[in-house]
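Just so you know, we're using my numbering here: the sequence shown kicks off at 5 and counts up by one. Some notes on the structure that comes next.
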Amino acid sequence: MNLHSEDIIFLGQDYARELAALEEQCFAFPWSEKEFRLALSRKNFLVLGLIRSRELMGYLSFYHVQDQVEILNLAVHPQARGRGSAGRLLSFLMDYCSREKVSLVFLEVRPSNRSAVSLYQRFGFQRAGRRPGYYPDTGEDALVYQLELVRKET
Ligand SMILES: CC(C)(COP(=O)(O)OP(=O)(O)OC[C@H]1O[C@@H](n2cnc3c(N)ncnc32)[C@H](O)[C@@H]1OP(=O)(O)O)[C@@H](O)C(=O)NCCC(=O)NCCS
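Written out as structure tokens, the structure reads:
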């Protein structure tokens, strides 16, 4: 990879430490390196990493079970936000879903997270429900968003 290039790749357990470090910059209750290592040992848990100048600048983690994908987390380094990185990670996921014939993608998001809600809406996600008091730190509800994808039969 060119020193200043940007790439999106699937991350393995060798990225657990960097994922935990990025997570600490982005969330009040970050996953630890150990938690990432354990999760990445499971075949249905996948993580896309945005690598810029050899550094992990963002990631998107998801479960893929049969024809459904659940987005668990999406995070971009605070200094790299507002430049479309999250959008590129989501576009990569959409291409993956198309290749893998995924028919439903869903996620939970805080209503106060305007940038994330706006991003998901731009990709066509629609409100599918609300989970009252879902987030233990603030007691905030979670909004459930989902995107139904049309499966092309080959
Ligand atoms: C949410 C997050 C991943 C977005 O990353 P990003 O790389 O800055 O996102 P992008 O540059 O691709 O922009 C995404 C959208 O947010 C909008 N946006 C950016 N900052 C915003 C703000 N402060 N308020 C409202 N919208 C904002 C952008 O205009 C863009 O909207 P569009 O898709 O309608 O054009 C990032 O802010 C983050 O890591 N937050 C902390 C972790 C988190 O909350 N993750 C979401 C869990 S569901």
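C-beta atoms are modelled at their ideal positions from N, C-alpha and C, and glycine is treated no differently. Model, not experiment: these values are computed from the prediction.
Rounded straight-line distance, which links the Cα of residue j to that of residue i
i      : j      : result
Gly143 : Gly86  : 27 Å
Tyr138 : Ala43  : 22 Å
Arg126 : Gly91  : 9 Å
Gln70  : Ile55  : 28 Å
Glu28  : Asn77  : 13 Å
Gly53  : Ile13  : 5 Å
Lys105 : Ser45  : 23 Å
Val109 : Arg118 : 20 Å
Pro82  : Glu37  : 20 Å
Buried/exposed call for residue i, threshold 16 Cβ in 10 Å
i      : result
Val51  : buried
Gly16  : exposed
Ser116 : exposed
Ala79  : buried
Phe129 : buried
Phe33  : exposed
Ser65  : buried
Ser89  : buried
For residue i: DSSP bridge partner residues
i      : result
Gly133 : Val148
Gly143 : Partner(s): none; Gly143 has no beta bridge.
Gly53  : Ile13 and Tyr63
Val106 : DSSP output for Val106 lists no bridge partner at all.
Glu112 : Val148
Asn77  : Ser65
Gln72  : Val69 and Leu108
Whole-Å CB distance - residue i paired with residue j, under 8 Å assumed
i      : j      : result
Val113 : Tyr149 : 6 Å
Asp145 : Arg134 : 5 Å
Leu153 : Ser107 : 5 Å
Phe40  : Ala25  : That pair is no contact at about 10 Å.
Same chain only: Cβ atoms within 6 Å of residue i, ignoring 5 sequence neighbours per side
i      : result
Leu111 : Ile75 and Tyr149
Leu151 : Val109, Gly128 and Phe129
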